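So the sequences go chain by chain: A and B. Here the working numbering is used: the first residue of the first sequence is 1250, the next is one more, and so on. Here the working numbering is used: the first residue of the second sequence is 44, the next is one more, and so on. Here the structure is laid out as structure tokens; the discussion comes afterwards.
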Amino acid sequence: MKKIDKERVLLAIAAPVLALVAAFVITALVLLATGKEPFGAFGTMFDYGFKSDSQVEIINKATTYYIAGIAVAVGFRMNLFNIGVEGQYRLGAFFAAAVGGAVSLPGFLQIPLIIVVAMTVGAMWAGIAGVLKTSRGVSEVIATIMLNAIALSIVGYLLKDGRLGHLDEAGTSVSTTPLPSSGHLFNFDMGEDVGQIYGFVVLAVIIGVGYWFVLGRTRFGFDLRSVGLSESAATASGVSVKRMVVTSMLISGGLAGLTGLPLLLNDTHAYGADLFPAGIGFTGISVALLGRNNPVGVALAALLWGFLERGSGRLEFEGYDKEIVGVMQGVIVLSVVIAYEVVRRYGLKRQQQKVGEELAAQARTKKEVTA
Amino acid sequence: MRRVTKIAAAGIASAALALTATACGSSSKDSDTTSGSSDSSKLKVGVAYDVGGRGDHSFNDSAAAGLDKAKADFGVEVKELTAKTSDTEADREQRLEDLADAGYNPVIGVGFAYAESITAAAKKYPKTTFAIVDSVVDAKNVDSIVFTEEQSSYLAGVAAALKTKDNKVGFIGGVDIPLINKFEAGFRQGVAETNPKIKVTTQYLTPGSDLSGFSDPAKGKAAAQGMLDNGIDVIYSAAGSSGNGAIEAVAGKSGAWAIGVDSDQHEQPGLAKYKDSILTSALKNVNVAVYDAVKSVKDGAPLTGTHAYDLAKDGVGLSTSGGFIDDIKSQLDEAKSKIVSGDIKVKTTVK
């Protein structure tokens, strides 16, 4: 029993390690091909990434990526591919900012209100895809990716001077009414030169624990995972698959709606086109894949992503092509997918061998007995 | 068995988190003891470009041209960094502070997206002079550079109106934001006041919440192609590097004209293949402003406050290279003098 444990742990760790090593080797080759010395680049990234202010920034970035990653992971566990996190995040953050800027309540009401608005909007937007899938059989991949485009256009339409936006002094950019100070979430101040860690990181941890608990320790989570593993088996055991699809899309979308809130509540306090970066929803997909939908794994993946992005700016400063980090991120995701498959097959083979050996041993002893 | 995996994972995770959270390293700002430039013998200029960066043949390249001139004239040392569409405020602030921290002075933010981050950076590095293009930052050590793009766009509208044969002209905006609306407003007014019968078609590549429309030549090309197919024969695009795609599409149709933006696009080596289709360009002389900012720091009297570069000061204008608008020069000069004298007031919003 003990021996198998060790092997399992080794196999579980082998995949991500293999993936990272492969990614670094491939990136080093790419760097060499561009005529740059690779170790200098990695050295720069590590050196800069471990500075205290970089660490604060990495945690802040990772908070956002983590929530996006968990939102995607909820869908993944049910074999639902929610590509619409990007749109849900934008729409959720935008309406949360608009509502938050329009009302002024004491902090203990204001912040929950903003959170509820963001979650509701995100959930509704994802719910459209869920309902379309169950009632009309539309693939959620198509529906969510189309809803992304629509979400961007809705935000673009409403974010105009005179609608929900306000023009700045120079007349060049628009943003929503800033949140009143009661809508600002606390930050962990790490000192003048170091910066502030978003208080929202606490909520991110709670989300992670909640995800682990609901999926691993409740009947609902069991149903959800069983639908993901086999729809027909789940149906046979009395789970309504349609209901599960809609529910998990709502949960996924609700979490996706929260993605923009660390930025909104802790940093920008308003929604503007240049304040909310593009692509967080897609980063969430990468992070969920890398973390294998495991709450701790996704956290590590989110931190890794934050680290890589943090380092990319410095690479440019040092004269490297900053696109190299984009290459590295892509290679990591690919390597992870491949490495897990390789390790899974290897594990399967080992198991078969072991079972074979045991059977052979049994047969041998039987022979000895009969002989 | 699964428990062991979980415990191991949790152990690794908490170790990693602890390592991160204890902030064991020093701050990236500690290493350099001098903030701001103490070594005044050689001027170091830091530039943070907008999305698209050097090589967009347009807005950023106009800033780059000014930088190159300063480099040639004063022998300054230069560091150029570029924005990404995935930037957060913190990323932009870090970019500017990295530059200021390494002793770059002045530090120039190209594009309105740097407004907030320059406000923050200017506070932290009071001895460094900052410059912001396309926005206004109220601080003692910031040079706010704004342009009257509606005036040059008005002239572009006049040129388009005089050159169209089918009385249909088009405007392609990169992103539907107030800054680009200024270009559209000026262009529309210029066309309408020259020939009210002309129909102006507008298309924005992305809505205001998505800034990718400034760096997507494929979108620009598709939009221009659509306009050409509808019989539009003069297309003015204010869309950063997306405009290159529009110019490429226009070059594919004989008799159609493209109007460039920000840089003199007829003279851009990267667009040399299409230059015979580029009627003129609505210049936004970011190069002049950047050069002025660098020079002022070099001369020891840094520019601060808001500086509007307008038509009267040739901060904006219409390029004449290629000679395609020489035949309508008199009308253009007349319009220009009316704008300068104030007889024509150009609107900044479309309504």
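Glycine residues also receive a C-beta, built at the ideal position from the N, C-alpha and C atoms. Since the model is a prediction, treat every value here as computed from it, not as a measurement.
8 Å Cβ cutoff met for residue i and residue j
i	j	result
G154 (chain B)	D181 (chain B)	no
A165 (chain B)	N148 (chain B)	no
M1368 (chain A)	G1284 (chain A)	no
G263 (chain B)	A289 (chain B)	yes
V1321 (chain A)	G1459 (chain A)	no
Q268 (chain B)	A299 (chain B)	no
S71 (chain B)	Y1297 (chain A)	yes
G1470 (chain A)	V1476 (chain A)	no
K296 (chain B)	L271 (chain B)	yes
G1333 (chain A)	L1396 (chain A)	yes
A1346 (chain A)	S129 (chain B)	no
Y279 (chain B)	F214 (chain B)	yes
F190 (chain B)	V359 (chain B)	yes
DSSP three-state assignment for residue i, whether helix, strand or coil
i	result
V389 (chain B)	coil
S70 (chain B)	coil
T77 (chain B)	Note that T77 (chain B) has pLDDT 43, beneath the 50 cutoff, so the model's placement of it is unreliable and no number is given.
S211 (chain B)	The amino acid occupying residue 211 (chain B) in the given sequence is Lys; Ser does not appear at that position. DSSP places K211 (chain B) in strand when its eight states are reduced to three.
T65 (chain B)	Note that T65 (chain B) scores a pLDDT of 46, beneath 50, so its modelled location is shaky and nothing firm can be said.
D1302 (chain A)	helix
Y1589 (chain A)	helix
L1416 (chain A)	strand
Q1445 (chain A)	strand
L322 (chain B)	strand
D1438 (chain A)	strand
G1521 (chain A)	strand
A289 (chain B)	helix
I1262 (chain A)	helix
V47 (chain B)	Any reading at V47 (chain B) is ruled out, since the residue's pLDDT is 49, under 50, leaving its predicted position unreliable.
S258 (chain B)	coil
D82 (chain B)	At D82 (chain B), the pLDDT of 49 sits below 50, so the modelled position is not reliable and the matter cannot be decided from this model.
D1410 (chain A)	strand
Beta-carbon contacts of residue i that lie in its chain and below 7 Å, excluding the five residues immediately before and after
i	result
T77 (chain B)	With a pLDDT of 43 at T77 (chain B), under the threshold of 50, the predicted position of this residue should be treated as unreliable, though the coordinate-derived value follows. Result list for T77 (chain B): G146, in chain order.
G283 (chain B)	G95, D99, S101, F102, G217, F257 and S258
S74 (chain B)	With a pLDDT of only 49 at S74 (chain B), under the threshold of 50, the placement of this residue in the model should not be trusted, and no figure is reported.
K318 (chain B)	H309 and G365
I175 (chain B)	G152, Y157, A158, I161, V185, S187 and I188
A261 (chain B)	G288
E136 (chain B)	S160, A163 and A164
Which listed residue (the options) has its alpha carbon closest to that of residue i
i	options	result
N238 (chain B)	B:Y197, B:A261 and B:P260	B:Y197
G1411 (chain A)	A:I1403, A:S1424 and A:A1400	A:S1424
I368 (chain B)	B:A202, B:V333 and B:A294	B:A202
E123 (chain B)	B:A107, B:A113 and B:T131	B:A107
Q1337 (chain A)	A:G1289, A:A1317 and A:G1356	A:A1317
G274 (chain B)	B:D342, B:D307 and B:T244	B:T244
D1516 (chain A)	A:K1310, A:G1579, A:V1476 and A:R1339	A:K1310
K170 (chain B)	B:Q374, B:T392, B:G343 and B:E377	B:G343
D93 (chain B)	B:D111, B:L139, B:K225 and B:K208	B:L139
S324 (chain B)	B:K316, B:V333, B:V304 and B:P312	B:V304
L1428 (chain A)	A:A1282, A:S1479 and A:A1342	A:A1342
D1523 (chain A)	B:V389, B:D116, B:D219 and B:Y247	B:D219
G1562 (chain A)	A:V1404, A:L1278, A:V1274 and A:M1294	A:M1294
Beta-bridge pairing of residue i - partner residues as DSSP gives them
i	result
E120 (chain B)	B:K87
T245 (chain B)	B:F214
K327 (chain B)	B:V359
V176 (chain B)	B:V153 and B:I188
Y352 (chain B)	B:F190
G1292 (chain A)	Answer by DSSP bridge pairing: none, since G1292 (chain A) is not bridged.
G303 (chain B)	B:S324
S297 (chain B)	Its beta-bridge partners do not exist; DSSP assigns none.
A281 (chain B)	B:G216
S125 (chain B)	First, the residue type needs correcting, since residue 125 (chain B) is Thr and not Ser in the sequence shown. Answer is B:Y92.
D1570 (chain A)	Answer by DSSP bridge pairing: none, since D1570 (chain A) is not bridged.
Cutoff 6 Å; reference residue i; Cβ partners in own chain excluding five residues on either side
i	result
G1379 (chain A)	V1494, V1495 and M1498
P1511 (chain A)	T1312, T1313, Y1447 and F1449
V1592 (chain A)	L1260, A1263 and A1264
L1539 (chain A)	A1550 and V1585
F1437 (chain A)	I1446
K114 (chain B)	V121
V337 (chain B)	V88 and A113
G233 (chain B)	Y197, G200 and V201
Contact test: residue i Cβ vs the ligand MG heavy atom, cutoff 7 Å
i	result
A1317 (chain A)	With respect to the ligand MG, the structure offers nothing, as it holds no ligand at all.
Nonlocal neighbours in the same chain, by C-beta distance under 8 Å from residue i, ignoring five residues either side
i	result
V1618 (chain A)	none
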